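Enquirer: One line per chain: the protein sequences are A and B, in this order.
For the first sequence, the working numbering assigns the number 1604 to the last residue and increments by one with no breaks.
For the second sequence, the working numbering assigns the number 1865 to the last residue and increments by one with no breaks.
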Amino acid sequence: MSSTDVVLVVLWVGITAYAILGGADFGAGLWDLLAGNAETGRRPRHLIDRAITPVWEANHTWLIFDLVVLWTAFSPAFAAVMTTLFIPLCFAALGIVLRGAGFAFRHVSERLEAQRAFGAAFALASVLTPFFMGTVVGAVASGRVTPSTGPDQAWSSWTGPLSLLVGVMFVVTCAYVSAVFLVHEARRAGDAGLEQYFRVRALVAGGAGGVVAVAGVIVLHADARYVYDGLVGKALPLAIVSAVCGIAAFVLLLVREVRFARGVAVLAVASVVWAWGVAQNPYLLPKTLTVDQAASSNDTMTALLVIFVAALLIIVPSLALLFVLSQRSALED
Amino acid sequence: MIAASTSNLLAAREQMAFTLAFHIPFACMGIAFPLMVLIANWLGVRGDGDALTLAQRWSKVMAVTFAVGAVTGTVLSFELGLLWPGMMARYGDVFGIPFGIEGIFFFTEAIFIAIYIYGWKRLPPKLHLLTAVPIVIAGIGGAFAVVAANSWMNQPGGFTENASGKVTSVNTFDVLFNKATPYEVPHMLLAAYIVAGFLVASVYAVGWLRGRRDRLHRLGFTIPFAVAAVATPIQLFVGDTAARAIAKDQPIKFAAIEYVQTTSRNVPEWIYGIYNGGNPKYGISIPGFDSFLVGFSTNTQVTGLDTVPTSDQPGPKTLLHWSFDTMIFIGTGFMVVIIWWLFVWWRKRALPKSPWFWRICSVCGVLAIVALWCGWIVTEVGRQPWIVYGKLRTADAVTNSGGIWITFAVLVVLYAALFVGTVVLLRALARRWRAGEAVDEGVPYAPPPA
């Protein structure tokens, strides 16, 4: 494996971490949005608030990590994406501000009206942000981003069938992962009512996810032939793992074996992320820019590898501490 | 077409300036406030109940300002690509290395800030206190990395490129420790402690003027003020060194800051005044003093603006000069306030009683932010027309996407709301604390409920 390959793998690990951890936080926003009025939504919103308060900023940091690694290791790809997909990325950035600030502000406000306003910003932004991020991924996968595309394709690049479908897929997946996590949180809090509440929602989102996934394969065939061929070719084992895990998680939830559902659901999502990467390999931007064409010099890759090792030594134990303390209910206010 | 792209460049620069100006004071809070919280917490663990209450309350404030800093920082990461793809395509592989390092520090800070803020109830006191230490260190490390990236834009080094402008080799050490790093990094780090120190102290100064002079308020003033009081004199020295280094490394930036039109000796120092080509209007001029400041002799030669064509000079010289002068006046003024405070402490072992001391202190927070903005105007506007000094022009790095004026307008509205939200919430928190409600504070370090 060359240093470029290692950096690419680490980038994908970062994307996977953001998809699952960041995704779960966004999904929680969707459930917050759908939790009903102040009275009926009080308990689920309280659980959501408690579950994501100590971890959302750390989870969000994966996005920064991914952006920095992409621009450092594969600068031309980063520049092409940023130039062509200016509009959806602006919306995503807007959503990130509204989500983060809305959530943090709601957490410290006391008055009901203030909580409502900040909560609405948090919840709406939590739905819009993954949608626009999904359109970005769809645009890349369908080959609508190339080193020479630009403002001429400002709208057409991300409004194709695959972009819109992946946008929806992102929202549904976030909702699904989040609901599965919240089932676990409710169980930890000893709240059987909420456990049931989020179990039903996890099943609904899981079912919707299955439908969107099937639609995705069809649209992929029509709109992103290169990635489709990769998916049914070299990435097929990963696609199968994802499908099997997706179904298994659904069944586990159905028979109330929620303990294992979380891990299996995570595996289902992670294997989709990797299936996408493998399917479009060796391209970063399908059919116009390969990994090697976009790769920075060896020196930069080496510097990144050193940074990764440092991160491994510092961040992994710190994150483990955060999650362990959070799961043991040592972090509350 | 040309008109459109000029407008794009202006819009992109204004948007970048606006979002940076908004973010930087929050970044200062993220870098420097944790030290003050740590000091208060440390005093608290040693038995000072007021200090412990302060630490607990401040950690709530930290949660809000850190969140705003994190999201506005994310906007900047997006903007680097969205507004300046030309720079990222060409130098992303060099410029990105310090940001990769910053990522580690930011991650660490985000993790430990969460553990610290939400660990009040259940973690043992000494362990909890210890979890604040990585926040302080990560803040310093993160600031180092980000400012090193900016230093690199001012003094790009540590790489080679081929004829077509592709970077072929990178020396990480030389990128991180470029020629501007030794003065830019300490200058900004100290600025962070000064801004956060005076900002927090100014809140308690207002409280003093309103008659809140109990021990909690006195301590709440003294801890941050003392931090700023340590940082300010060092800052004057570092800033002075930085100016001399800029005279050497970025002579045109220096010439613009100091209104030096033609290369000469015995150059006067202008205090304010309007740039007017050769002879500034309305300013006060001290003969030979600029030469003296650059080389400790009035005979020192200072490079003039006219050594390069106008197209290679930064635009608004008056803005640069006024920013530079204002920063220095505010910084020097802070020394007067600090000496006042020290003098009264030396004679009476108490805080000054004069309302004028407290009136001045209550605006020091805002003044510190103004000085911070002025410093960044000097750095960034003074580097123009280059985005990477001498290597890449800002005009060649800007995006050709349309609609920047729209995104700029949206950001202004959004950030205005963010600002109002932050202020209103922090004031509401303060009101609740004053009302004496134990607002989900609980009992610090109590055993978990049975």
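Yeah, the Cβ is synthetic: ideal placement off N, Cα and C, and Gly gets one too.
Just so you know, these numbers come straight off a predicted model, no measurement behind them.
State the start and end residues of the unbroken beta strand (DSSP E) segment that holds residue 1575(B).
Expert: Here the beta strand (DSSP E) through residue 1575(B) covers 1574–1576.
Enquirer: If you measure from the beta carbon of residue 1325(A) to each beta carbon in chain B, is any gap under 8 Å?
Expert: So yes, residue 1325(A) belongs to the interface.
Enquirer: Which one or two residues does DSSP pair with residue 1684(B) in a beta bridge?
Expert: Its beta-bridge partners are 1701(B).
Enquirer: Shorter than 8 Å from the beta carbon of residue 1292(A) to some beta carbon of chain B?
Expert: False, the Cβ-Cβ gap to chain B never drops below 8 Å.
Enquirer: I'd like the list of long-range same chain contacts for residue 1456(A), defined as Cβ closer than 7 Å, with 5 residues on each side in sequence excluded.
Expert: Excluding sequence neighbours, residue 1456(A) sits near 1318 and 1322.
Enquirer: When you compare only the Cα positions, how much space is there between residue 1490(A) and residue 1555(A)?
Expert: The alpha-carbon atoms of residue 1490(A) and residue 1555(A) are separated by roughly 20 Å.
Enquirer: Can you give the Cα-Cα distance for residue 1605(A) and residue 1576(A), rounded to whole angstroms?
Expert: The question about residue 1605(A) has no answer, for chain A in this structure spans 1272 to 1604.
Enquirer: In chain order, what residues of the same chain have a beta carbon less than 6 Å from the beta carbon of residue 1390(A), not counting five sequence neighbours either side?
Expert: Taken in chain order, the residues that qualify are 1377.
Enquirer: Can you pull the chain B residues whose beta carbon is under 7 Å from the beta carbon of residue 1451(A), in chain order?
Expert: Ordered by position in chain B, no residue passes the 7 Å Cβ test against residue 1451(A), which lies about 22 Å from the chain.
Enquirer: Taking the C-alpha atoms as reference points, what is the distance between residue 1373(A) and residue 1393(A)?
Expert: Rounded to the nearest angstrom, the two C-alpha atoms are 5 Å apart.
Enquirer: Flag this pair as touching only if the region 1442–1450 of chain A and the region 1279–1296 of chain A have three or more C-beta atom pairs under 8 Å; answer yes or no.
Expert: The answer is yes - the region 1279–1296 of chain A touches the region 1442–1450 of chain A, with three or more Cβ pairs under 8 Å.
Enquirer: To the nearest angstrom, how far is it from the Cα of residue 1497(B) to the Cα of residue 1802(B)?
Expert: If you take the alpha carbons of residue 1497(B) and residue 1802(B), they lie about 15 Å apart.
Enquirer: Please identify the residue among 1436(B), 1423(B) and 1425(B) whose C-alpha is closest to the C-alpha of residue 1831(B).
Expert: Nearest of 1436(B), 1423(B) and 1425(B) to residue 1831(B), Cα basis: 1436(B).
Enquirer: Check the DSSP bridge columns for residue 1560(A) and list the partner residues they point to.
Expert: Per DSSP, 1556(A).
Enquirer: Which one of 1491(B), 1513(B) and 1518(B) has the shortest CA to CA distance from residue 1337(A)?
Expert: Comparing Cα-Cα distances from residue 1337(A) to each of 1491(B), 1513(B) and 1518(B), the minimum goes to 1518(B).
Enquirer: Select from 1495(B), 1682(B), 1733(B) and 1563(B) the residue whose C-alpha is nearest the C-alpha of residue 1696(B).
Expert: The candidate whose alpha carbon is nearest that of residue 1696(B) is 1733(B).
Enquirer: Against chain A, does residue 1848(B) count as a neighbour if the rule is that its beta carbon must be under 8 Å from one of theirs?
Expert: So no, residue 1848(B) is outside the interface.
Enquirer: Can residue 1773(B) and residue 1634(B) be called in contact, C-beta distance under 8 Å?
Expert: In this structure, residue 1634(B) does not lie closer than 8 Å to residue 1773(B) by Cβ.
Enquirer: In the DSSP output, which residue or residues are listed as bridge partners for residue 1585(B)?
Expert: BP columns for residue 1585(B) point to 1574(B).
Enquirer: Within 10 Å of its beta-carbon, does residue 1862(B) have 16 or more other beta-carbons around it, so buried, or fewer, so exposed?
Expert: Since pLDDT at residue 1862(B) reaches only 40, below the 50 mark, its modelled position is unreliable, and the value read off the structure follows with that caveat. Label assigned to residue 1862(B): exposed.
Enquirer: Three-state secondary structure (DSSP) at residue 1808(B)?
Expert: Of the three classes helix, strand and coil, the one that applies to residue 1808(B) here is strand, per DSSP.
Enquirer: Does the region 1606–1618 of chain B come close enough to the region 1637–1655 of chain B that 3 or more CB-CB pairs lie under 8 Å?
Expert: Because the criterion of three Cβ pairs below 8 Å is met, the region 1637–1655 of chain B and the region 1606–1618 of chain B touch.
Enquirer: Would the beta-carbon of residue 1708(B) fall within 8 Å of that of residue 1684(B)?
Expert: Contact: yes.
Enquirer: How about residue 1627(B): is its C-beta nearer than 8 Å to some C-beta of chain A?
Expert: Not an interface residue.
Enquirer: Which residue marks the beginning of the alpha helix (DSSP H) containing residue 1518(A), and which one marks its end?
Expert: First-last of the alpha helix (DSSP H) with residue 1518(A): 1507–1525.
Enquirer: Entirely within the region 1408–1462 of chain A and at least 3 residues each: give me those beta strand (DSSP E) ranges in chain order.
Expert: The region 1408–1462 of chain A contains no whole beta strand (DSSP E) run of 3 or more residues.
Enquirer: Compare the C-alpha of residue 1551(B) against each of 1763(B), 1525(B), 1826(B) and 1568(B) and name the closest.
Expert: Checked all of 1763(B), 1525(B), 1826(B) and 1568(B); the closest Cα to residue 1551(B) is 1525(B).
Enquirer: Closer than 7 Å to a non-hydrogen atom of the ligand ZN - does that hold for the CB of residue 1272(A)?
Expert: Among the ligands in the structure shown, none appear at all, so the ligand ZN cannot be discussed.
Enquirer: How is residue 1696(B) classed by DSSP in three states: helix, strand or coil?
Expert: Residue 1696(B): strand per DSSP, three-state reduction.
Enquirer: Output the distance between the C-alpha atoms of residue 1499(A) and residue 1287(A), rounded to the nearest integer angstrom.
Expert: Straight-line Cα distance between these residues: approximately 20 Å.
Enquirer: By how many angstroms is the C-alpha of residue 1783(B) removed from the C-alpha of residue 1743(B)?
Expert: Taking the straight line from one Cα to the other gives about 11 Å.
Enquirer: Could you work out which residue in 1770(B), 1656(B) and 1735(B) is closest to residue 1688(B) when comparing CA atoms only?
Expert: The residue with the shortest Cα to Cα distance from residue 1688(B) is 1735(B).
Enquirer: Tell me the DSSP secondary structure of residue 1567(A) in three-state form.
Expert: Residue 1567(A): coil per DSSP, three-state reduction.
Enquirer: Please report whether the beta-carbon of residue 1584(B) lies at a distance below 8 Å from any beta-carbon of chain A.
Expert: Chain A contact via Cβ: present.
Enquirer: For a cutoff of 8 Å on Cβ pairs, would you count residue 1570(A) as touching chain B?
Expert: True, the Cβ-Cβ gap to chain B drops below 8 Å.
Enquirer: Just list the beta strand (DSSP E) runs in the region 1294–1354 of chain A, keeping only unbroken ones of 3 residues or longer that don't cross its boundaries, in chain order.
Expert: List check, beta strand (DSSP E) in window: nothing returned.
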